[in-house]
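Input: a single structure, listed below in structure tokens.
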Amino acid sequence: MSGYIQEDLSPEELAHRARLASSIAGSVRDLIDATVRTEVDEADIDEARRLIEAATAILRKDQLPGPFGIRFNTDGTKRSWGNAVLGRRNPIAPPVVLHHEPDVSWTEVELGAAYEGPAGLVHGGVLALILDQLLGSTAEYQQVPGMTGTLTVRYRKATPLGRIRGEARVDRVDGVKTFVTGTISVDGKVTAEAEGIFILPKWARGDKSDVLRRSVGEG
Ligand SMILES: CCCCCCCC(=O)SCCNC(=O)CCNC(=O)[C@H](O)C(C)(C)COP(=O)(O)OP(=O)(O)OC[C@H]1O[C@@H](n2cnc3c(N)ncnc32)[C@H](O)[C@@H]1OP(=O)(O)O
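Just so we're aligned: the sequence shown equals residues 1 to 219 in UniProt numbering.
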């Protein structure tokens, strides 16, 4: 599969790149929120656009030919910094930070104005996005990785913008299929429930390399 890259970076170089990635993505994330909520006049919009276009031109001076992909390092770490949910480099990622415990994986994340659907509420597609990643990464953490075959979400009540908590657990494994369940909650009350079926694709089955199996997901 293309887009899976093996690298050999020192811990210092990794830490340096992590700092750079988080700092630029954080600034752009702030810019997105400022753009959604700005009330300034046309002159200020024009000036802001000029500065943003200048910043874009600087970043375009040296670009990857395509997306970031998934990068493995010789120290065993994996970077999916372009990921739409977790990506350290990706300003449209909230970003979600996952915590894995023996039986449960969870995240707590603040969703601001950029994630609005109904007035003041989180967009249902954004909740599905986060659940997809959370459930899929839970399967991966439990050593039964797969690509999303089916994701079912039941929206039980509206989810206000602000801090949300996601939790997921592997329910059962049936051959190449892993069934994972999860919830989104606010202030201890569940607002959405999900079940995901994650399937180890044919190309990663059998005696394929460990790297290939670890490459299945995006977490
Ligand atoms: C770290 C991980 C983080 C992951 C979070 C992010 C996840 C993603 O966004 S992944 C991207 C979205 N998903 C995709 O692009 C997947 C696209 N689909 C595919 O690649 C394939 O159809 C795939 C992998 C789902 C199924 O693979 P394939 O090799 O065709 O499966 P196949 O051998 O035919 O079937 C295996 C079993 O799965 C079942 N199955 C196949 N497709 C599905 C499906 N979509 N839903 C449910 N079950 C299915 C089959 O019935 C079969 O069951 P059984 O073993 O009981 O007979």
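Think of the CB as a built atom: it goes at the ideal place given N, C-alpha and C, for glycine as much as any other residue.
These numbers come from a predicted model, not from an experiment.
For residue i versus residue j, is the C-beta distance shorter than 9 Å?
i, j, result
"residue 5", "residue 71", "yes"
"residue 69", "residue 132", "no"
"residue 118", "residue 31", "no"
"residue 148", "residue 136", "yes"
"residue 107", "residue 134", "yes"
"residue 87", "residue 33", "no"
"residue 3", "residue 67", "yes"
Apart from the five residues on each side of it in sequence, which residues of its chain come closer than 8 Å, Cβ to Cβ, to residue i?
i, result
"residue 186", "159, 160, 162, 163, 164 and 165"
"residue 53", "none"
"residue 142", "170 and 178"
"residue 205", "176"
What residues in its chain sit with their C-beta under 7 Å from that of residue i, if we drop five residues either side in the sequence?
i, result
"residue 157", "191"
"residue 179", "171, 172, 195 and 197"
"residue 124", "117 and 155"
"residue 275", "Summary: the structure shown does not reach residue 275, with the chain confined to residues 1 through 219, and so no result is reported for it."
"residue 20", "none"
Is residue i near ligand 2, in the sense that its beta carbon is under 8 Å from a heavy atom of that ligand?
i, result
"residue 72", "This structure simply doesn't include ligand 2; it includes ligand 1 instead."
For residue i, which residues from the same chain have a beta carbon less than 6 Å from its beta carbon, with the 5 sequence-adjacent residues on both sides left out?
i, result
"residue 176", "199 and 200"
"residue 8", "74"
"residue 78", "72"
"residue 22", "88"
Taking the C-alpha atoms as reference points, what is the distance between residue i and residue j?
i, j, result
"residue 129", "residue 114", "14 Å"
"residue 63", "residue 50", "21 Å"
"residue 183", "residue 15", "33 Å"
"residue 105", "residue 57", "39 Å"
"residue 110", "residue 168", "18 Å"
"residue 181", "residue 48", "44 Å"
"residue 65", "residue 120", "38 Å"
"residue 203", "residue 80", "20 Å"
"residue 29", "residue 145", "30 Å"
"residue 43", "residue 55", "19 Å"
"residue 27", "residue 18", "14 Å"
"residue 46", "residue 189", "44 Å"
"residue 150", "residue 138", "15 Å"
"residue 84", "residue 174", "28 Å"
"residue 102", "residue 61", "44 Å"
"residue 82", "residue 10", "20 Å"
"residue 13", "residue 122", "37 Å"
* Asked: In the UniProt domain "Thioesterase" (120–186), which residue ranges form an unbroken beta strand (DSSP E) of at least 3 residues, counting only runs that do not cross its ends?
  -> 147–155, 162–174 and 177–186, all fully within the UniProt domain "Thioesterase" (120–186).
* Could you tell me whether the segment 36–43 touches the segment 89–98, where touching means 3 or more Cβ pairs closer than 8 Å? => Too few Cβ pairs lie closer than 8 Å, so no.
* Asked: Residue ranges of each beta strand (DSSP E) run of no fewer than 3 residues wholly in the segment 40–73, ordered along the chain?
  -> Here the runs fully enclosed are 70–73.
* Contained beta strand (DSSP E) runs [length at least 3] in the segment 75–129, N- to C-terminal order -> Counting only runs of 3 or more residues that sit fully inside the segment 75–129, the beta strand (DSSP E) segments are 105–111, in chain order.
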